[in-house]
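Using the numbering used here, the first residue of the sequence shown is number 1336, and each one after it goes up by one.
Single-structure report; data block below.
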Amino acid sequence: MGAGSTCACGMSRRRLLGAAGIAGAAVVGASACGTRDEDRPKPQDVLRGTVVAQTTDVPEGGGTIVVEGKIVLTQPEPGDYRAYSAVCPHAGCTIQEVEVNIHCLCHGSEFDIATGQPLAGPATSPLEELAISVSGTDITLE
């Protein structure tokens, strides 16, 4: 498409690129306006009050990750379910793995499945604990 030609939507290339530039500037401006991380909604906020998993999804002595809300669910002891934010406190990476411990593969941090406390790696703060309730086999994020 040449400088004076139009796309299928009827806009000239120059006008289309100009609109894209304005939209990009608006995004950059909005992110640079001083919006602090603590003012932004957390990924799990949209799931509060909903069933996020079934108890059968969470292995005993291990756990699972609810990707949609960045939630780590664990079962350190039979019937004892815990929930943590899957955002690593070290650098904000998303937790990728739960086995005997919770693992952040970005920089090698490991966390205890029963407490969320750091066990290894550069993270020195625990994972944020989240409130859940269990009814039958439903695990609901409070």
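Glycine is no exception: its CB is placed at the ideal position from the N, C-alpha and C atoms.
Since we're looking at a predicted model, the values are computed, not measured.
Classification of residue i by the beta-carbon crowding that lies within 10 angstroms, buried from 16 upward
i	result
GLU1464	exposed
SER1426	Before going on, a small fix: residue 1426 reads as Ala here, not Ser. So ALA1426 ends up on the exposed side.
VAL1381	exposed
VAL1402	exposed
LEU1462	buried
THR1484	Residue 1484 is absent from the structure shown; the chain starts at 1336 and stops at 1477.
THR1472	exposed
GLN1410	buried
VAL1422	buried
GLY1414	exposed
VAL1435	exposed
GLY1384	exposed
VAL1363	Residue placement at VAL1363 is flagged as unreliable, the pLDDT there being 45, under the threshold of 50; the coordinate-derived value follows with that caveat. That one is exposed.
Residue i - DSSP class collapsed to helix/strand/coil
i	result
GLY1471	coil
ILE1453	It should be noted that the sequence gives Pro, not Ile, for residue 1453. Strand at PRO1453.
LEU1465	strand
Proximity of residue i and residue j at Cβ, strictly below 8 Å
i	j	result
HIS1442	PRO1457	yes
GLY1398	VAL1407	yes
ALA1418	LEU1454	no
GLY1404	GLN1379	yes
ILE1448	VAL1469	no
ILE1467	THR1390	no
**Request:** Mind listing, in chain order, the continuous beta strand (DSSP E) runs of no fewer than 3 residues lying wholly within the region 1393-1450?
**Result:** 1397-1401, 1406-1412, 1415-1420, 1437-1439 and 1444-1446
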